[in-house]
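A.B. asks: Going down the list, the sequences are from chains B and F. When we follow our numbering, the leftmost residue of the first sequence carries the number 17, and every step to the right adds one. When we follow our numbering, the leftmost residue of the second sequence carries the number 428, and every step to the right adds one. Yeah, the Cβ is synthetic: ideal placement off N, Cα and C, and Gly gets one too. This is the structure I have questions about; it appears just below.
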Amino acid sequence: MTTKRIENPMPEPSQLTELIDSMSASTNPQTATTLQILHNLQYQHLWTSLQIHATPADMASSAEDPRPTLISGIPPHRVYTHPDEQLYMLERGLRDDDLRPERLFVIPTAQGQRWSLRRMAAVFDAMSDIEVAADDESDTVALPEGAKAEKLEEYYRKRAEADITKEWGSKRALLGMVDKGMGGEGTVVYYIVQEGEVKPRQN
Amino acid sequence: MDNPTLPIPISYISGRYLLFSIDAVTYLRREHHICGVLIGTLSQLPQQNVFLGLPLELMPEEARLLVDKGVACIVDEAKAHGGMESLAEEDRRQYLRELESQGLHASRLLSDRRDQNREQVLKKLDEKSRAKALKAKEKKEDKDVSSPASEAKEEPLDLVAPEPTTSTPASKNTGRQQAMGVTPATSYPPLPQPNSSQHLPPPEVPLSYPLFAHLSTRGYFLSPGLRFGCQYVAYPGDPLRFHSHFLTVSSEWDEGIDLMGIVNGGRLGTGVKKGFLLGGPQKSRDEAESEAERVESVRTFSIEWAGM
């Protein structure tokens, strides 16, 4: 029996590791988490126009409780549609793909991180103050013509109303969670978090 | 549908909050969205737990909410019944007489209804037989043949009819002595209603009370959440008509939340077509002067699996 000599015992660092090494100068663990989730969104879920936002400095933070960051980006398909909104769209023959893509916030977290309602509320409050750099959202979707355009316009008007009455839900974000503990294999899971009591999608 | 007199006394018996009056139970469910849990079973068959009846057990949160709203009061039932022994003989007799008259009233109502039903049935039979006779007559005229057989056919029906009419007055007469047994579920007619000085203080509630009260004021019906692995199950309307919307878990503002708990709740909720609702008051018990102040400061977040 012959044993093969291992020439290079250290494997090449992964794309992700390289990204984290190149992007984060600080030792803040939150930065690495944020980058890992950003990487996942970009290459696994094919999000575009991704940005990283810092939350206001007055938020409580400590070494083991770093200040949360936020990611925003545009998903290739709509991630969430409120059930009443879905009904409205169905009645008008509109599909998710007809709508112009929208920017969605993602809260990057790591499993084992300590969270609280205060932290969650602070992140949600910070979301409305964050200015998103202007991006070319309009040219990514072909403008429909004729009756559909009219219906879309009607839909956007109704949506503007719903944003005020909050009948189609209020502020929402994705909670991205990465397993970084012992044996963590870098899976990221996503949960939709919305402020207030928003009825579930399938009931 | 009589509304009970307010405040409704909630019986506090060995650490439980119970309701014994069916009027109070239906009123609270209808007007205040309080469902409670029926826990009464048959003393002969205590194992059967499919069809439960009175009393209705309330969660401390439910009892507290009703007391805070001024709809109910808490009564120490053991103390309130101390007066039972000192009940005057005259009062006792009068109460028994009252029960008997109630029983008579009930049996009279029942027999009246029975009579009505019978009359209706007889009327129908009568009409039928008359119609038959008419038809038979027409036939006879058509055939121009008179046969006594058709008259004989009618006879048995006529015989049935007079029999009950003779028996009904008899049953009405006998109804006098057979009063139905009435077992009152509450003991407040013989005993005086406990006055406000005898009421117990509002119930002690868990830290999750503000979230409970917050959801209740938003019109949700809440029931205990053990079956779904949460604190409360929130229904958008009466649980008999609606599926629930949320599995609810309360947390204090600075209490640590394990992210795995959010995954568990989110997954469980999505698995049973519900949302996972996490919420709590912004003020701790030290910061707030009253529970009402805490209820005001509640914020909630609904969580669902994103499916990606």
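Residues in the same chain with beta-carbon distance under 8 Å from residue 97(B), minus the five sequence neighbours each way, listed in chain order, please.
C.D. replies: 105, 112, 217, listed in sequence order.
A.B. asks: So for residue 172(B), helix, strand or coil by DSSP?
C.D. replies: Reduced to three states, the DSSP call for residue 172(B) is helix.
A.B. asks: Suppose only complete runs of 3+ residues qualify. What are the beta strand (DSSP E) ranges in the region 88-159 of chain B, listed by chain order?
C.D. replies: 120-126, all fully within the region 88-159 of chain B.
A.B. asks: So is residue 69(B) in contact with chain F if we call contact Cβ pairs under 8 Å?
C.D. replies: No, residue 69(B) does not count as interfacial toward chain F.
A.B. asks: Do we get a CB-CB distance below 8 Å when we pair residue 458(F) with the residues of chain B?
C.D. replies: Taking Cβ atoms only, chain B never reaches closer than 8 Å to residue 458(F), which makes this a no.
A.B. asks: Return the chain-ordered list of same chain residues with a C-beta closer than 6 Å to the C-beta of residue 618(F), the five sequence neighbours on each side being excluded.
C.D. replies: Answer for residue 618(F): 510, listed in chain order.
A.B. asks: Taking DSSP as the reference, what is the three-state secondary structure of residue 207(B)?
C.D. replies: Three-state DSSP puts residue 207(B) in a strand.
A.B. asks: Within the present structure, is the beta-carbon of residue 217(B) separated from the nearest heavy atom of the ligand SAH by less than 7 Å?
C.D. replies: As for the ligand SAH, it is missing from this structure, which has no ligand bound.
A.B. asks: What are the residues in the region 99-117 of chain B lying within 8 Å of chain F by C-beta distance?
C.D. replies: Taking 8 Å as the Cβ-Cβ cut-off against chain F, none of the residues of the region 99-117 of chain B qualify.
A.B. asks: So residue 447(F) and residue 612(F) are supposed to be a Cβ contact under 8 Å. How far apart are they, rounded?
C.D. replies: With 8 Å as the limit, residue 447(F) and residue 612(F) qualify as a contact, their Cβ atoms being about 5 Å apart.
A.B. asks: Looking only at C-alpha atoms, which of 642(F), 651(F), 694(F), 729(F) sits nearest to residue 459(F)?
C.D. replies: Taking only the C-alpha atoms, the option nearest residue 459(F) is 642(F).
A.B. asks: Taking all protein chains shown into account, decide if residue 88(B) is buried (16 or more other Cβ within 10 angstroms of its Cβ) or exposed.
C.D. replies: Flag for residue 88(B) reads buried.
A.B. asks: Does the CB of residue 690(F) have a neighbour CB from chain B at under 8 Å?
C.D. replies: It does; some Cβ of chain B falls within 8 Å.
A.B. asks: Can you pull the DSSP bridge partners for residue 732(F)?
C.D. replies: Partner(s): 207(B).
A.B. asks: Count the other CB atoms, across all protein chains shown, that sit within 10 Å of the CB of residue 136(B); report buried if there are 16 or more and exposed otherwise.
C.D. replies: Buried, because 16 or more other Cβ atoms sit within 10 Å of the Cβ of residue 136(B).
A.B. asks: Output the distance between the C-alpha atoms of residue 538(F) and residue 607(F), rounded to the nearest integer angstrom.
C.D. replies: Their backbone Cα atoms lie some 11 Å apart in a straight line.
A.B. asks: Could you tell me the alpha carbon to alpha carbon distance between residue 489(F) and residue 708(F), rounded to whole angstroms?
C.D. replies: Residue 489(F) and residue 708(F): Cα-Cα distance of roughly 18 Å.
A.B. asks: With a threshold of 8 Å on Cβ separation, who are the neighbours of residue 35(B) within its own chain once the five nearest residues in sequence on each side are excluded?
C.D. replies: Correct list, in chain order: 51, 55.
A.B. asks: Run through DSSP, which three-state label would residue 683(F) get?
C.D. replies: Coil at residue 683(F), not helix or strand.
A.B. asks: Closest to residue 624(F) by C-alpha separation, out of 464(F), 543(F), 476(F), 506(F), would be which residue?
C.D. replies: Looking at the Cα atoms, 506(F) is the closest of the given residues.
A.B. asks: Of all the residues that make up the region 114-140 of chain B, which are near chain F by a beta-carbon distance shorter than 9 Å?
C.D. replies: Within the region 114-140 of chain B, the residues whose Cβ lies closer than 9 Å to some Cβ of chain F are 125, 126, 127, 128, 129, 130, 131, 132, 133, 134, 135, 136, 137, 140, listed in chain order.
A.B. asks: Alpha carbon to alpha carbon, how far is residue 168(B) from residue 115(B)? Give it in angstroms, no decimals.
C.D. replies: Computed Cα separation, rounded: 8 Å.
A.B. asks: Determine the chain F residues that contact residue 164(B) at a beta-carbon separation under 9 Å, and present them in chain order.
C.D. replies: In chain order: nothing, as chain F lies at least about 27 Å away.
A.B. asks: Mapping the DSSP letters down to three states, classify residue 45(B) as helix, strand or coil.
C.D. replies: Correct three-state label for residue 45(B): helix.
A.B. asks: Please name the residue, chosen from 685(F), 703(F), 632(F), 680(F), that lies closest to residue 127(B) on a Cα-to-Cα basis.
C.D. replies: The shortest C-alpha separation from residue 127(B) is found at 685(F).
A.B. asks: For residue 547(F), which three-state DSSP category applies?
C.D. replies: Residue state, collapsed to three classes: helix.
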